[in-house]
Amino acid sequence: MLVEMPVAKVTLNELSRRTCLAKSNVLRYFESREAVLLELLDTEMRDWLTQLETTSEPVAGTARERGDQLADVLVTSLTSRPTLCDLISVQAAVLEHNVSTEVALHYKRASRRTVERQARWVLRYLPELGDQDATRLVAMTTLITAAAWPWSRPSAAMLAAYAADPAVAAMRGEFTDLLRQSLHVTLSGLLARRDDLPVGTARIDTVHRDA
Numbered sequence: 001m002l003v004e005m006p007v008a009k010v011t012l013n014e015l016s017r018r019t020c021l022a023k024s025n026v027l028r029y030f031e032s033r034e035a036v037l038l039e040l041l042d043t044e045m046r047d048w049l050t051q052l053e054t055t056s057e058p059v060a061g062t063a064r065e066r067g068d069q070l071a072d073v074l075v076t077s078l079t080s081r082p083t084l085c086d087l088i089s090v091q092a093a094v095l096e097h098n099v100s101t102e103v104a105l106h107y108k109r110a111s112r113r114t115v116e117r118q119a120r121w122v123l124r125y126l127p128e129l130g131d132q133d134a135t136r137l138v139a140m141t142t143l144i145t146a147a148a149w150p151w152s153r154p155s156a157a158m159l160a161a162y163a164a165d166p167a168v169a170a171m172r173g174e175f176t177d178l179l180r181q182s183l184h185v186t187l188s189g190l191l192a193r194r195d196d197l198p199v200g201t202a203r204i205d206t207v208h209r210d211a
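Note that full-length UniProt numbering numbers the sequence shown so that position 12 is 12, with each residue one more than the last.
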């Protein structure tokens, strides 16, 4: 269904029809449409990470060169997975609503394991980042994908506006370019800082200098 339509149009009624089950029977296994899609998002994330772990290997080079390679691998793999990108784009605003605390906790625990696993994969390319900044990169990749995916899929009205005015058309974003440029900037910033400190922790030398 997600190959045929965006997440917003996937309904329990249509899911029930396609699985030849009554809606009440679907709800015996999943408490809501959002619970179904969260489970699917977790599966898609784990499949994606398995692909990254088994099909890509870092090459020798400077930290910047390896960072550029890492960004390119992430961009290429995400671009090839539109269903995953679509699910990520609605995760916070849609999928994490209309679910119970039990479902939310189950999903977030699974998500945390996936983030930790992906951070370990990042360190194969850039051990210089350390655990904290590798985790930051994972988080930023998700956030950038969530923003860039819907931005690069304009409505019919927006497409007509782009076609009507070349100056306006220049404002249209393309997912691959948006993601690649953003990841390059993010990686450059992380490598320049190399704090490897928990979020919200100030560097001691900065505190002393400011004092």
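From the three backbone atoms N, C-alpha and C, an ideal C-beta is built for every residue, glycine too.
Taking the alpha carbon of residue i as the point to measure from, which residue in the options has its own alpha carbon closest?
| i | options | result |
| --- | --- | --- |
| residue 87 | 147, 166, 17 and 128 | 147 |
| residue 116 | 21, 8, 46 and 26 | 46 |
| residue 137 | 187, 93 and 175 | 187 |
| residue 145 | 81, 17 and 50 | 81 |
| residue 192 | 128, 175 and 170 | 128 |
| residue 75 | 183, 194 and 1 | 183 |
| residue 38 | 18, 109, 17 and 123 | 109 |
| residue 236 | 112, 179, 151 and 15 | Nothing in the structure corresponds to residue 236, since the chain is present only between 1 and 211. |
How would you label residue i, buried or exposed, when you count the other beta carbons within 10 angstroms and need 16 or more for buried?
| i | result |
| --- | --- |
| residue 101 | exposed |
| residue 177 | exposed |
| residue 185 | exposed |
| residue 20 | exposed |
| residue 17 | exposed |
| residue 61 | exposed |
| residue 133 | buried |
Once you ignore the five residues that flank residue i on each side, which residues in its own chain have a CB closer than 7 Å to its CB?
| i | result |
| --- | --- |
| residue 161 | 168 |
Under the three-state reduction of DSSP, which class applies to residue i: helix, strand or coil?
| i | result |
| --- | --- |
| residue 20 | coil |
| residue 194 | coil |
| residue 84 | helix |
| residue 59 | coil |
| residue 187 | helix |
| residue 97 | coil |
| residue 126 | coil |
| residue 121 | helix |
Could you name the residues of the same chain whose beta carbon sits closer than 6 Å to that of residue i, not counting the 5 residues immediately before and after it, in chain order?
| i | result |
| --- | --- |
| residue 30 | 36 |
| residue 157 | none |
Under 8 Å Cβ to Cβ from residue i, same chain only, skipping five residues before and after it: list those, please.
| i | result |
| --- | --- |
| residue 205 | Reliability of the predicted coordinates at residue 205 is poor, the pLDDT of 41 falling under 50, and no value is obtained from them. |
| residue 8 | 90 and 94 |
### Task
Could I get the ranges of all uninterrupted alpha helix (DSSP H) runs contained in the segment 135 to 172, with 4 residues as the minimum, in chain order?
156 to 164 and 166 to 169
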